[in-house]
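Protein chains in written order, with my numbering: chain U, 6 to 297; chain D, 20 to 256; chain R, 232 to 570.
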Amino acid sequence: MDRFLFLTVDGLAKGAVYAAFALAVVLIWRAARIVNFAQGAMAVATVYAAYSVTQATGSYWLGFAAALAAGLLLGAGIERAVMRFVPHTSPLNSVIVALGLVLLLQAVLGAIYGNEFRPVETPFSRTGITVGGIALLSRYDLFVLGAVLVLVVLLALLFTRTSTGLRMRSAAFAPEVSRLLGVNVAGLLTFGWALAAAVGALAGMLVVPTELGLHPNTMDLVFVSSFTAAVVGGLDSPIGAVVGGLAVGLVLSYAAGYLGSDVTPLATLALLLVVLLIRPGGLFAGVRTRAV
Amino acid sequence: MTLLQVDGLVVGYSAAPVLHGVDLTVPPATIVTVLGANGAGKTTLLRTLSGLLRPAEGGIRFDGRSLVGVPVERVVRLGLAHVPEGRGVVAELTVEENLRLGGVWRADRRDVRLAQDEVYELFPALAARRKHAGHQLSGGERQMLALGRALVARPRLLLLDEPSLGLAPRITGQIMALLRRLCDETGLAVLLVEQNVRSALSVADQGVVLSLGRVVAAADAAQLRDDAGLRHAYLGF
Amino acid sequence: MTTGLRHLLWTAAAAAALLAVTYAIPPFRNYQLATAAAYLCATAGLTVLVGLSGQLSLGHGAVMAVGAYAVALSQNRFADAGLTGNGVLAASLALGVLAALVAGLIVGLAAARLRGPYLAGVTLAVAVALPAVTTVWAGVFHSDQGLSVYLEPPPAGLGYDFPLERWQAWLALAGALLVMLLLANLVRSRFGRSLRAVRDDEVAARLAGIDVARTQVLAFVVSAGCAGLGGGLMAVLTQSVSPGAYSLTLSLFLLMAVVVGGLGRLAGAVWGALLLVVLPDLTHTIVASLTLSPAAAQRLEGNLPLAVFGLTLIVVMIAAPGGISGVVRRLTPASPLRR
Ligand SMILES: Nc1ncnc2c1ncn2[C@@H]1O[C@H](COP(=O)(O)OP(=O)(O)OP(=O)(O)O)[C@@H](O)[C@H]1O
Ligand SMILES: [Mg+2]
């Protein structure tokens with residue numbers, strides 16, 4: 006029972022990161038109908054940026070800010086310089102280009118930093134706080150949960166309360182009508198990529214310390230888990246992404262806890278397959294299909 | 020004096036031109052209707068005016084400045100609002116959000132709110148459905164919403180593409196009457212594309228008949244109504 | 232002359248030419264030739280899958296691993312049992328293909344229900360997750376360390392100083408030619424026409440009486456079998472297998488080779504396979520010509536091919552999308568299920 010409680014809490018902390026990363030996937034999917042397979046590699050790049058800044062300044066928080074800034078720049082840059090020019094003849098075109106970006110980004114990172122795991126520091130202790138004899142969440146886990154909560158609230162406010170959010174939604178749903186109403190659709194698309202990449206950067210910053218360390222491929226499996234989370238949620242639904250992230254976190258935590266941590270990748274694969282084959286539209290798929 | 024002046028407009032899609040040198044003027048505070056059979060090029064004309072299509076030749080002057088090459092999203096800022104064919108209500112957004120979208124580029128937030136309230140007064144049916152999503156509205160409500168959303172921008176020229184499409188005659192009549200009132204009271208100019216020739220000519224000041232991408236007649240609306248030969252040849256009644 | 236016969240003659244001519252080549256080039260080049268041939272099995276299979284059936288697989292590196300491990304395990308078992316002779320190797324390779332066919336069937340059954348980015352995501356998950364199998368069943372697969380593959384020396388009949396590399400080149404080339412002959416005939420067959428019909432318009436294909444799901448699954452199975460043979464040959468060449476050699480990167484390399492070579496064309500698969508061997512070799516030469524610290528040189532050498540491959544993939548897709556356009560039109564982005 007203690008173990009179950011521990012795994013649950015641990016799974017929620019992991020799931021929060023998957024939720025954040027799934028949100029990044031959903032953001033781009035909603036804005037551009039593209040599953041950004043380069044999301045993981047982009048996030049790793051921003052974490053390396055943070056790593057360099059932290060090394061140079063000794064401050065975790067400056068590195069943190071650098072990661073977010075790098076995310077904004079990288080996202081906007083990739084949309085402007087690459088994705089904008091991908092022909093829309095097939096949805097696979099953008100998938101393949103994103104995979105090309107994965108190779109390119111990982112190669113550049115490997116060439117600069119080398120292909121070994123680098124330990125990264127955390128701003129808070131990762132030892133669990135003991136409650137009633139059970140080691141539960143660590144301070145770092147609390148930080149992760151808090152950061153993701155803030156992120157979710159900010160994104161919700163952005164999309165439901167601000168005019169930018171309204172414009173982003175309308176630009177995604179009805180680009181031509183939006184332009185007629187004075188909405189700068191192309192600019193918002195760039196902003197959407199920038200925002201998604203910054204969200205991905207945050208997720209990367211949060212998750213890398215809990216992985217083996219910083220490595221160009223660190224996020225490969227995290228991306229798969231988060232893609233699963235986004236699919237569980239239905240790709241179109243931000244709420245679904247959050248719930249999906251937590252669900253995936255829990256499943257993987259239980260799998261790792263009861264079957265061994267080596268099983269995690271296989272559990273992810275199994276989960277993705279089960280979800281796609283049983284509920285292909287995701288648990289939060291809208292009742293309505295979009296008229297395209 | 021003219022608000023909109025179109026000279027020798029030639030527009031085509033990938034293949035041959037669809038408009039072959041269209042001339043047109045819209046004076047301020049005037050309703051000009053563009054009539055013509057299916058495929059005459061009416062929608063193409065409006066889409067070119069709002070910048071969705073680029074003319075191969077010809078000029079568009081709005082209020083003395085050229086619109087050719089102005090990006091779509093800037094055209095509305097100049098005072099020209101386009102309600103597209105099929106109305107373009109964003110189905111995923113609520114009535115309220117659709118209306119907000121109409122003024123989203125405007126800095127004068129107070130006037131935007133004022134304009135929104137005016138729309139709700141104009142169309143009480145919308146006021147009762149503020150929180151409904153666009154896809155939950157009836158055809159008539161959608162038309163009202165699309166029209167109201169365009170008005171929130173406080174345009175000087177309204178481009179309407181077949182507002183009567185799929186609407187009951189009574190609703191069509193209401194909308195036409197409203198256009199007349201807005202034109203008379205606020206000085207709004209309207210370029211009204213219609214298949215519903217009778218109701219369009221009943222409300223318009225001037226009419227232009229397009230056939231296969233050419234202007235075959237341009238005259239006062241009353242004159243067009245009375246010209247039996249023209250009506251038979253191009254308008255089918 | 233029938234197409235089948237023409238293909239057979241072409242294959243025989245190619246075999247003769249390649250045989251001459253293997254005598255003309257040094258052992259190192261023979262080894263490279265063998266590697267390209269092993270890659271060719273996989274790229275040819277992938278070309279048929281992506282180009283003809285319109286299904287994108289990011290997991291063919293993992294399928295190669297299945298073939299490679301199956302060959303490694305059976306070779307070692309046979310050796311332990313004291314079995315020798317050339318039939319043994321053939322049996323191992325056949326087992327490798329069989330294992331890959333089974334893997335292809337499993338993935339293909341799932342894939343036939345999925346579309347576009349969803350299918351890509353699942354096959355990506357396969358590529359990322361499968362290496363974990365080696366750790367979970369470490370007793371059999373020996374984790375990251377992998378297995379060494381027992382390989383008998385070249386047959387004594389070839390002479391005592393017959394280079395191993397030439398023998399390996401023969402094996403791999405024989406496998407690649409077999410795959411090419413098979414696929415060339417398949418592409419021209421009724422099955423090939425069904426594949427194209429399904430790719431171009433699923434609904435029309437169904438109306439024409441084609442069993443869409445079966446066609447797609449079959450394409451996956453065939454393609455996986457080819458990749459499995461490629462993986463098995465790779466195991467024979469390197470005489471070792473480890474998860475690191477069959478990572479996601481390999482899957483992406485294969486995809487790059489297929490896209491750049493020209494989707495749906497078997498000749499493209501040849502170019503792609505050659506590129507996979509030549510490009511790293513080229514970057515090695517380039518890096519060697521630069522004056523760098525050993526550490527920097529090593530980092531650059533390991534990553535330059537990746538960068539070049541990635542960049543190529545992006546540029547080809549944007550500048551010359553003709554290769555893929557129309558290929559996968561039917562893949563709907565919004566729904567993973569067939570409509
Ligand atoms: N996107 C397009 N690509 C190619 N040709 C087009 C396109 N849109 C319209 N056309 C052609 O241009 C011509 C004029 O079309 P347009 O839509 O302007 O006609 P319309 O007068 O609005 O007709 P309707 O009354 O049916 O709406 C038609 O022949 C049509 O086939
Ligand atoms: Mg029209």
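For every residue, glycine included, the Cβ atom is placed at its ideal position computed from N, Cα and C.
Small disclaimer: the values here were computed from a predicted structure and weren't measured.
* Is it a yes or a no for the region 383-401 of chain R touching the region 438-455 of chain R, going by three-plus beta-carbon pairs under 8 Å? -> The region 383-401 of chain R makes no contact with the region 438-455 of chain R; the number of CB pairs closer than 8 Å stays below 3.
Notebook entry, point to check: Does the region 21-37 of chain D come within contact of the region 62-72 of chain D, defined as at least 3 CB pairs closer than 8 Å?
Noted result: Segments in contact, yes.
Problem set entry | Whole-angstrom C-beta distance between Val-109 (chain D) and Asn-117 (chain D), which should lie under 8 Å | Numbered from its first residue, the second sequence carries residue 117 (chain D) at position 98. Numbered from its first residue, the second sequence carries residue 109 (chain D) at position 90. Here Asn-117 (chain D) really is in contact with Val-109 (chain D); their C-beta atoms are around 6 Å apart, less than 8 Å.
- Give the residues of chain R in contact with Phe-232 (chain U), contact being defined as C-beta atoms less than 8 Å apart. Indexing the first sequence from 1 puts residue 232 (chain U) at position 227. Within 8 Å Cβ-Cβ: Gly-352, Leu-355 and Ala-356.
- Task: Could you tell me whether the Cβ of Gln-111 (chain U) comes closer than 8 Å to any Cβ of chain R?
- Result: Stepping through the first sequence from its first residue, residue 111 (chain U) is reached at position 106. So yes, Gln-111 (chain U) belongs to the interface.
| message | Nearer than 7 Å: is that true of the beta carbon of Glu-104 (chain D) relative to any heavy atom of ligand 1? | response | Counted from its first residue, the second sequence places residue 104 (chain D) at position 85. Glu-104 (chain D): yes, Cβ under 7 Å from ligand 1.
Suppose contacts are defined by Cβ-Cβ distances below 8 Å. Is Gly-339 (chain R) in contact with Phe-451 (chain R) by that definition?
The sequence position of residue 339 (chain R) within the third sequence is 108, counting from 1. The sequence position of residue 451 (chain R) within the third sequence is 220, counting from 1. Cβ distance < 8 Å, so Gly-339 (chain R) and Phe-451 (chain R) count as in contact.
(request) For Val-174 (chain R), count neighbouring C-beta atoms within 10 Å of its own C-beta (all shown protein chains included) and say buried if the count is 16 or more, exposed if not. (result) With chain R running from 232 to 570 in the structure shown, residue 174 (chain R) is simply not present.
Mind checking whether the beta-carbon of Asn-57 (chain D) lies closer than 7 Å to any heavy atom of ligand 1?
In the second sequence, residue 57 (chain D) corresponds to position 38, counting from 1. Answer for Asn-57 (chain D): yes, Cβ within range of ligand 1.
* Rounded to whole angstroms, how far is the Cβ of Met-173 (chain U) from the Cβ of Ala-71 (chain U), which I believe are closer than 8 Å? -> Here residue 173 (chain U) refers to the residue found at position 168 when the first sequence is read from its first residue. Here residue 71 (chain U) refers to the residue found at position 66 when the first sequence is read from its first residue. Contact doesn't hold; Cβ gap of about 25 Å is too wide.
Q: Return yes when at least one heavy atom of ligand 2 lies under 7 Å from the C-beta of Glu-116 (chain D), else no.
A: For this step, residue 116 (chain D) is matched to residue 97 along the second sequence. It does not: the Cβ of Glu-116 (chain D) is nowhere closer than 7 Å to a heavy atom of ligand 2.
**Prompt:** Does Pro-103 (chain D) have its Cβ less than 8 Å from a Cβ in chain C?
**Reply:** Annotation note: the requested chain C is absent from the structure, which comprises protein chains U, D and R.
Spatial distance of Asp-7 (chain U) from Ala-269 (chain R) (CA atoms): Position 2 of the first sequence, counting from 1, holds the residue named residue 7 (chain U). Position 38 of the third sequence, counting from 1, holds the residue named residue 269 (chain R). So the two alpha carbons sit approximately 52 Å from each other.
When Cβ atoms are compared, which residues of the region 63-84 of chain D fall closer than 8 Å to chain U?
-> Ser-69 and Leu-71
query: Who are His-39 (chain D)'s beta bridge partners in DSSP?
result: Counting from 1 along the second sequence, the entry for residue 39 (chain D) is found at position 20. His-39 (chain D) is bridged to D:Val-29.
Using a Cβ-Cβ distance cut-off of 8 Å, determine whether Asn-120 (chain U) contacts chain D. In the first sequence, counting from the first residue as 1, residue 120 (chain U) sits at position 115. No, because no Cβ of chain D sits closer than 8 Å to the Cβ of Asn-120 (chain U).
Out of curiosity, what's the CA-to-CA distance linking Val-102 (chain D) and Leu-177 (chain D)?
-> By 1-based counting over the second sequence, the position of residue 102 (chain D) is 83. By 1-based counting over the second sequence, the position of residue 177 (chain D) is 158. Those two C-alpha atoms are separated by around 8 Å.
Exposed or buried, Ile-194 (chain D), counting other C-beta atoms within 10 Å across all chains shown (16 or more means buried)? What you label residue 194 (chain D) is simply residue 175 of the second sequence in a count that begins at 1. Classification of Ile-194 (chain D): buried, given that the 10 Å Cβ count is 16 or more.
| field | Classification of Thr-305 (chain U) by the beta-carbon crowding that lies within 10 angstroms, buried from 16 upward | value | What is shown of chain U runs 6 to 297, which leaves residue 305 (chain U) out entirely.
Notebook entry, point to check: Since Gln-44 (chain U) and Ala-21 (chain U) are thought to touch, with beta carbons under 8 Å apart, how far apart are those beta carbons, to the nearest angstrom?
Noted result: Mapped onto the first sequence, residue 44 (chain U) falls at position 39. Mapped onto the first sequence, residue 21 (chain U) falls at position 16. About 17 Å; that fails the 8 Å criterion.
task = Determine the direct distance from the alpha carbon of Thr-52 (chain D) to that of Gln-214 (chain D), and round the result to whole angstroms.
result = The count along the second sequence starts at 1 and reaches residue 214 (chain D) at position 195. The count along the second sequence starts at 1 and reaches residue 52 (chain D) at position 33. Distance between the alpha carbons of Gln-214 (chain D) and Thr-52 (chain D) is about 10 Å.
Handout entry: Exposure of Thr-49 (chain D), with buried meaning 16 or more beta-carbon neighbours within 10 Å
Key = Position 30 of the second sequence, counting from 1, holds the residue named residue 49 (chain D). Answer is buried; the Cβ neighbour count reaches 16.
Quick check on Ala-179 (chain U) - is its C-beta less than 8 Å from some C-beta in chain D?
For the purposes of this step, residue 179 (chain U) is identified with residue 174 of the first sequence, where counting begins at 1. So yes, Ala-179 (chain U) belongs to the interface.
Review point. At a cut-off of 7 Å, is Thr-62 (chain D) close to ligand 3 when judged by its beta-carbon and the heavy atoms of the ligand?
Key: This structure lacks ligand 3; the ligands present are ligand 1 and ligand 2.
**Request:** Tell me Val-53 (chain D)'s beta-bridge partners as DSSP assigns them.
**Result:** To locate residue 53 (chain D), count along the second sequence from 1; it is residue 34. DSSP lists D:Val-212 and D:Val-227 as partners of Val-53 (chain D).
- request: State yes or no: is the C-beta of Asp-111 (chain U) nearer than 7 Å to some heavy atom of ligand 1?
  value: What you label residue 111 (chain U) is simply residue 106 of the first sequence in a count that begins at 1. According to the sequence provided, residue 111 (chain U) is Gln. The question's Asp does not apply to it. Answer for Gln-111 (chain U): no, Cβ out of range of ligand 1.
Name, in chain order, the residues that DSSP records as bridge partners for Gly-133 (chain U).
For the purposes of this step, residue 133 (chain U) is taken as residue 128 along the first sequence, with counting starting at 1. Per DSSP, U:Ser-143.
Best match in U:Val-268, U:Pro-221, U:Val-280 and U:Gly-250 for proximity to Arg-123 (chain U) [C-alpha to C-alpha]
For the purposes of this step, residue 123 (chain U) is taken as the residue at position 118 of the first sequence. Looking at the Cα atoms, U:Pro-221 is the closest of the given residues.
Would you be able to state if there are at least three C-beta pairs under 8 Å between the region 303-311 of chain R and the region 425-444 of chain R? no
| Between the C-alpha atoms of Ser-95 (chain U) and Asp-203 (chain D), what's the straight-line distance to the nearest angstrom? | In the first sequence, residue 95 (chain U) corresponds to position 90, counting from 1. In the second sequence, residue 203 (chain D) corresponds to position 184, counting from 1. If you take the alpha carbons of Ser-95 (chain U) and Asp-203 (chain D), they lie about 50 Å apart.
If I follow the unbroken beta strand (DSSP E) through Leu-280 (chain R), where does it start and stop? By 1-based counting over the third sequence, the position of residue 280 (chain R) is 49. No beta strand (DSSP E) holds Leu-280 (chain R); DSSP gives it neither H nor E.
Roughly how many angstroms separate the alpha carbons of Leu-326 (chain R) and Thr-215 (chain U), rounded to a whole number? Here residue 326 (chain R) is taken as the residue at index 95 of the third sequence, counted from 1. Here residue 215 (chain U) is taken as the residue at index 210 of the first sequence, counted from 1. For Leu-326 (chain R) and Thr-215 (chain U), the distance between alpha carbons rounds to 40 Å.
Suppose you measure from the CA of Ala-223 (chain D) to the CA of Ala-240 (chain D); what does that come to, to the nearest Å? Counted from its first residue, the second sequence places residue 223 (chain D) at position 204. Counted from its first residue, the second sequence places residue 240 (chain D) at position 221. Rounded to the nearest angstrom, the two C-alpha atoms are 6 Å apart.
- Task: Would you decide whether Ile-101 (chain U) is buried or exposed? Buried here means 16 or more other CB atoms lie within 10 Å of its CB.
- Result: Here residue 101 (chain U) is taken as the residue at index 96 of the first sequence, counted from 1. When all chains shown are included, Ile-101 (chain U) counts as buried.
Over what stretch of residues does the beta strand (DSSP E) that includes Glu-76 (chain D) continue unbroken? The residue you call residue 76 (chain D) lines up with position 57 of the second sequence. Note, Glu-76 (chain D): beta strand (DSSP E), 76-81.
Check: DSSP on Gln-24 (chain D), reduced to helix/strand/coil?
Finding: Translated into the one-based positions of the second sequence, residue 24 (chain D) becomes position 5. Correct three-state label for Gln-24 (chain D): strand.
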